[in-house]
Structure formats: C-alpha cells, structure tokens
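Q: Under the UniProt record's numbering, think of the first position of the sequence shown as 1, with each following residue one higher. C-beta: ideal position from N, C-alpha, C; glycine also. None of these values were measured; they are calculated from a predicted model.
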Amino acid sequence: MTSTTITTLKSRKKMTLNPTLAAPSPSGQRSIEGMLNMEKQIITINAQTMQNTLVSIQETMLKMQEIMSKNHADLKGDINKLDYKVETIQQTMEKNEQRIKMVETRSQQTEEKLELV
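1) Excluding the 5 residues preceding and the 5 following residue 36 in the sequence, name in chain order all residues of the same chain whose CB lies nearer than 8 Å to its CB.
2) Put residue 117 into one of helix, strand or coil per three-state DSSP.
3) Once DSSP output is grouped into helix, strand and coil, what is the label at residue 107?
4) Would DSSP call residue 25 helix, strand or coil?
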C-alpha cells in the first residue's frame with residue numbers, strides 16, 4: 001500500500017492519505033473488457049454510418065452540380081434566343097417608324113396637292 005503525507009498550509013496538520021489500489025476481479029475485468037468491446041463496436045458502427053452519410057451527401061452534391069450546369073446551359077440558350085428576339089423586334093420597330101414617316105410625308109404631299117386644286 002502507498003501512503004502519502006500532506007501538510008496543509010493553514011492548520012499545519014499532517015494528513016495521511018492511504019489510497020487503496022483496487023485490483024479488479026476477473027469477472028469485473030471481463031465486464032470492463034465487454035464494455036470496451038461494445039464501445040468499439042458502437043464507434044465502428046457510428047463511423048460506418050457517418051461514412052455512408054458523407055458518401056450520400058457527396059453523391060447528392062454531384063447530382064446537384066450536374067443539374068445546375070444543365071440549368072445554366074439551358075438559361076444561357078434561352079437568353080441568347082431572347083436577345084435575338086429583342087433584336088428582331090427593334091429592327092421591326094425601326095422599319096415601322098421609317099414607314100410611318102414615309103406615309104406622313106406622302107399624306108402631307110397629298111394634302112398640299114389637294115389644296116392647290
């Protein structure tokens with residue numbers, strides 16, 4: 001047995017501690033080993049579950065990335081189509097404005113001719 005002497009500062013009394021080292025009994029040792037083995041199994045199962053979850057998350061992220069890339073390409077195509085349509089509309093508007101000016105000019109000329117007659 002080990003004995004330790006401690007002197008306290010305030011009371012200056014000596015205290016002796018006699019810690020007893022408990023040797024585990026064979027049945028206690030088996031139960032501790034059983035608990036350790038069970039904890040190892042639980043840790044292994046948890047690690048496997050975590051790994052499976054991470055793999056699943058990674059697969060989901062890859063699928064999402066593919067979908068986002070496809071959507072991006074589709075949107076880019078749609079934007080290009082819209083740009084073309086807007087350009088066509090602008091050209092049509094310019095032509096219509098020129099036609100309107102021509103019609104206005106002709107109608108003024110016709111009015112002037114009618115006034116002369």
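A: The answer reads as follows:
1) The answer is none, since no qualifying residue turns up.
2) Secondary structure at residue 117: coil, using DSSP grouped into helix, strand and coil.
3) In the displayed model, residue 107 falls within a helix according to three-state DSSP.
4) Residue state, collapsed to three classes: coil.
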